[in-house]
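Residue numbers (this note's numbering): 848 to 1024.
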């Protein structure tokens, strides 16, 4: 019995890795889309536009997404991929705001040179958001989760999370990882 379960686990793992390996262009496309949205802290329309782009990708994969409005800052994005059983979730967190003012994208849009991506927010942390979205999508499409996987993306991290700090702390309580 244990051997069968281990073999099933290896098969799911390989399906996930194979699926992710085929998503390089889709990942780059989503990264370009969100990097080319000005989303500085307190840029409510910009941060919300990033959240909408991420939600579209997640919902297309059947992932449940909810927005929690944060007036003056944008939204918090909550997403959930159920596992085989209930229990403490694994939570992938990130933030959608950047340090860059409106107009930065017009001067420094997304580009790739020598295999490296550049643009406002690429490293902190829009590439991390894209990675988290694709991890959630991989599990939604391929299965393999023992317990739930949740995404929680905030909107005011670059200025110290003055509005969402308590929401972040509440989200982190009782999680598996």
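A virtual CB, placed ideally from N, CA and C, is assigned to each residue, including glycine. Small disclaimer: the values here were computed from a predicted structure and weren't measured.
Residues 925 of the same chain have their beta carbon placed closer than 6 Å to that of residue 913, with the five preceding and five following residues left out of the count.
At the C-beta level, residue 883 and residue 956 come within 8 Å of one another. Look at residue 975 here: in three-state DSSP terms it is helix. Taken in chain order, the whole alpha helix (DSSP H) runs of length 4 or more contained in the segment 884-914 are 891-907. Following the DSSP letters along the chain, one finds residue 1013 inside the alpha helix (DSSP H) bounded by residues 1012-1019. DSSP lists 887 as the bridge partner or partners of residue 945. Going by C-alpha positions, residue 930 is about 41 Å away from residue 950. Taking C-beta atoms under 8 Å as the contact rule, residue 862 and residue 989 qualify, at a distance of about 5 Å. At the C-beta level, residue 976 and residue 941 come within 8 Å of one another. Residue 960 has 963 as its beta-bridge partners, per DSSP. Here DSSP, grouped into helix, strand and coil, assigns residue 856 to helix. Cβ contact annotation for residue 939 (same chain, cutoff 8 Å, sequence separation greater than five): 979, 982, 983, 996, 997, 998, 999, in chain order. Secondary structure of residue 997 (DSSP, three-state): strand. DSSP places residue 923 in no alpha helix (DSSP H) but in the uninterrupted beta strand (DSSP E) bounded by 921-928. For residue 875, the closest of 897, 972, 959 by C-alpha to C-alpha distance is 959.
Per the C-alpha coordinates, the member of 856, 881, 866, 858 positioned closest to residue 964 is 881. Spanning the alpha carbons of residue 1007 and residue 858 requires a straight line of approximately 42 Å. Of the residues assessed, residue 898 falls on the buried side of the cut-off, its CB having 16 or more other CB atoms within 10 angstroms.
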